[in-house]
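A.B. asks: One structure is given below, represented as structure tokens, and several questions about it will come after.
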Amino acid sequence: MRFDLDVRSVVKKFGDFTAVKGVSFKVEQGKFFSILGPSGCGKTTLLRMIAGFLEPTSGEIYIRGNLVNGLPPNKRPVNLVFQNLALFPMMNVEENIAFGLRRRKVPNNEIKKKVKDILERVGLPGFEKKAISQLSGGQKQRIAIARCLVLEPSVLLLDEPLGALDLKLREQMKVELKKLQTEVGTTFVYITHDQSEALVMSDYVAVMNAGKFEQVDTPQNLYKYPQTAFVAQFVGDNNGWEAEVVSQDKGTALVQTSEGYQFHVKTLDHLNKKNCIFFVRPEAFIIKPDNKIDDLNRLKVRVKTILFDGANSRLLTVVENSEKEIIVALPQNKQFDYIKPGDVIELGWHPENCI
Ligand code: ADP
Ligand code: MG
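So that you can map any letter, position 27 of the sequence shown is 27 in the UniProt record's numbering, and since no number is skipped, the others follow by simple counting.
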């Protein structure tokens, strides 16, 4: 296995404040790797250290096996696509893309050919003479990426490049970016605070919180097997409970929530602590469970509202006689269309669907 990027115990301090607190990870060649975390957790700081705009306080960064600490940005085989794209508005598409090549003193005829090739690869053939102001948001996006890719970086770094786009275009660009990355085969390190972007596009996702990585995993594993409460809450909708451990057996425990409900939950390890947090995904609930299934956890809830997003419906419910809110995914058939706000329904779920 070949690693394009190898970050070892990187720390960044700004005075007394530590923005990045010892982060280590490796990115295999050709992978789409995302760093997902809330605003202010240190994502941009980490990326700027990889790009060479900031030096780490401690730790090492290797790109294709070479230590790059101390090298200026233009001596590192990486390129950074900025949040605001930073295209030159006075130059046309060709001049924008050619900019870095000219600085490298690439001959003119070669530049022309490279620009033509990269425009084809990003799906905008023949766009050479267009002005930046003539382009749509999505096209600007692709030109900004083309301008970096034409320099053939070992790793392309992208700092929330879809942030400025409206929702519909963002949805579209997510798919296009992933397609583009697969086609060109360049290693991408992509920063976002949007979990749906990270899950859709990435081969691996690092979830970052307060300067640290909480978990690095495939999107599927992050969703199914979150290793920390932060990851469980940050990745996808989730229903969390704080509970006390009443008793435990191999792989399961009986817990009691602060509202006094007792549930059976699956446990990954022996619970050493008296207290735990457990999570149930909205789609894990069975609505109106058959009374013959006896190992289910059961709970009565009142429907507050029905949230419909075009493809899916979710029920926002509240546990009877408490303030505890629970989000329940409605199966896509019409079986539960009769449910309306104010109804009391029973939910069931299997202990193995409690994380
Ligand atoms: P993110 O990109 O995840 O939103 P940043 O990496 O931009 O987060 O910032 C992480 C933290 O470091 C923030 O609290 C920010 O205020 C702080 N920070 C970033 N750059 C500097 C700087 N040059 N000087 C002091 N603090 C900074
Ligand atoms: Mg940022």
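All C-beta atoms, glycine included, are put in the ideal place defined by N, C-alpha and C.
(1) Using the Cα positions of residue 112 and residue 41, report the straight-line distance between them to the nearest angstrom.
(2) Can you confirm whether the region 301-317 touches the region 254-263 when touching is taken to mean that 3 or more C-beta pairs between the two stretches lie within less than 8 angstroms?
(3) Compute the minimum distance between the beta carbon of residue 38 and the heavy atoms of ligand 1, and state whether it is under 8 angstroms.
(4) State the CB to CB distance for the pair residue 231 and residue 242, rounded to an integer number of angstroms; the pair is presumed to be in contact (CB under 8 angstroms).
(5) What number of angstroms, rounded off, separates the C-alpha of residue 101 from the C-alpha of residue 8?
(6) I'd like to check one pair, residue 237 with residue 191: are the Cβ atoms closer than 9 angstroms?
(7) Ligand 4 heavy atoms versus the CB of residue 277: any closer than 8 angstroms?
(8) Under 8 angstroms from any heavy atom of ligand 1, does the C-beta of residue 158 make it?
(9) Report the start-end ranges of each alpha helix (DSSP H) in the region 29-76 that is 4 residues or longer and not cut off at the edges.
(10) Cutting at 8 angstroms between CB atoms, please list the residues of its own chain near residue 38, excluding the five before and the five after it.
(11) Quick check: the Cα distance between residue 26 and residue 86, rounded to an integer number of angstroms?
(12) Is any heavy atom of ligand 1 found at a distance shorter than 8 angstroms from the C-beta of residue 41?
(13) Counting C-beta neighbours from all protein chains within 10 Å, is the total for residue 211 16 or more, i.e. buried, or is it exposed?
(14) Please list, in chain order, all residues of the same chain as residue 352 whose beta carbon is under 6 angstroms from its beta carbon, the five residues on each side excluded.
(15) In its own chain, which residues sit with a C-beta less than 8 angstroms from the C-beta of residue 10, not counting the 5 before and 5 after it?
(16) Enumerated in chain order, which unbroken segments of the alpha helix (DSSP H) with a length of 4 residues or greater are wholly contained in the region 245-272?
(17) Buried or exposed: residue 43, going by 16 or more other Cβ atoms within 10 Å of its Cβ?
(18) Could you name the residues of the same chain whose beta carbon sits closer than 6 angstroms to that of residue 203, not counting the 5 residues immediately before and after it, in chain order?
(19) Return the chain-ordered ranges of every beta strand (DSSP E) run that is complete within the region 137-170 and spans a minimum of 3 residues.
(20) If you drop the 5 nearest sequence neighbours on each side, which residues of the same chain put their C-beta closer than 6 angstroms to that of residue 322?
(21) Which residues bound the alpha helix (DSSP H) around residue 106?
(22) So which of 117, 74 and 66 has the shortest CA-CA distance to residue 361?
(23) What did DSSP end up calling residue 332 once you bin it into helix, strand or coil?
(24) Just the Cα atoms here: how many angstroms apart are residue 225 and residue 217?
(25) Could you please give me the residues that DSSP links to residue 277 through a beta bridge?
(26) Alpha helix (DSSP H) containing residue 197: first to last residue?
(27) Give a yes or no on whether the C-beta atoms belonging to residue 282 and residue 246 are separated by under 9 angstroms.
C.D. replies: Short version:
(1) Walking along the sequence shown from the start, residue 112 turns up at place 112. Walking along the sequence shown from the start, residue 41 turns up at place 41. Cα to Cα, residue 112 sits roughly 41 angstroms from residue 41.
(2) no
(3) Locating residue 38 in the sequence shown gives position 38, where the first residue counts as 1. Flag set: Cβ of residue 38 near ligand 1.
(4) In the sequence shown, the residue the question calls residue 231 occupies position 231. In the sequence shown, the residue the question calls residue 242 occupies position 242. Not confirmed; about 17 angstroms, so no contact.
(5) Here residue 101 corresponds to residue number 101 of the sequence shown, with the count starting at 1. Here residue 8 corresponds to residue number 8 of the sequence shown, with the count starting at 1. Distance between the alpha carbons of residue 101 and residue 8 is about 31 angstroms.
(6) By one-based count along the sequence shown, residue 191 stands at place 191. By one-based count along the sequence shown, residue 237 stands at place 237. Contact flag unset, no.
(7) As far as ligands go, the structure on display features ligand 1 and ligand 2 and does not contain ligand 4.
(8) If you number the sequence shown from 1, residue 158 lands on position 158. Outside the cutoff, so no.
(9) 43-51
(10) As a position in the sequence shown, residue 38 is number 38, starting the count at 1. Around residue 38: 193, 209 and 234.
(11) For the purposes of this step, residue 26 is identified with residue 26 of the sequence shown, where counting begins at 1. For the purposes of this step, residue 86 is identified with residue 86 of the sequence shown, where counting begins at 1. Going by the C-alpha atoms only, they are around 28 angstroms apart.
(12) Counting from 1 along the sequence shown, the entry for residue 41 is found at position 41. Yes, since a heavy atom of ligand 1 falls inside the 8 angstroms radius drawn around the Cβ of residue 41.
(13) Within the sequence shown, residue 211 is the residue found at index 211, counting from 1. The residue is buried, with at least 16 neighbouring Cβ atoms inside 10 Å.
(14) Translated into positions along the sequence shown, residue 352 becomes position 352. Contacts found: 266.
(15) If you number the sequence shown from 1, residue 10 lands on position 10. These residues qualify, in order along the chain: 20, 22, 23, 24, 46, 49, 56, 58, 59, 60 and 61.
(16) none
(17) Taking the sequence shown and counting its residues from 1, one reaches residue 43 at position 43. So residue 43 counts as buried.
(18) Walking along the sequence shown from the start, residue 203 turns up at place 203. If we look at residue 203 and ignore the five residues flanking it on each side, its Cβ neighbours are 31 and 32.
(19) 155-159
(20) Here residue 322 is taken as the residue at index 322 of the sequence shown, counted from 1. Cβ neighbours of residue 322 beyond the five flanking positions: 259.
(21) Looking up residue 106 in the sequence shown gives position 106. It is not in any alpha helix (DSSP H) - residue 106 carries neither H nor E in the DSSP assignment.
(22) Outside the displayed span of the chain (1 to 355) sits residue 361, for which this structure offers no information.
(23) Locating residue 332 in the sequence shown gives position 332, counting from the first residue. Residue 332: coil per DSSP, three-state reduction.
(24) Position 225 of the sequence shown holds residue 225. Position 217 of the sequence shown holds residue 217. The straight-line gap from Cα to Cα measures roughly 9 angstroms.
(25) Taking the first residue of the sequence shown as position 1, residue 277 is located at position 277. Per DSSP, 242.
(26) Counting from 1 along the sequence shown, the entry for residue 197 is found at position 197. 195-201 is the extent of the alpha helix (DSSP H) around residue 197.
(27) The count along the sequence shown starts at 1 and reaches residue 282 at position 282. The count along the sequence shown starts at 1 and reaches residue 246 at position 246. No, they are not a contact pair.
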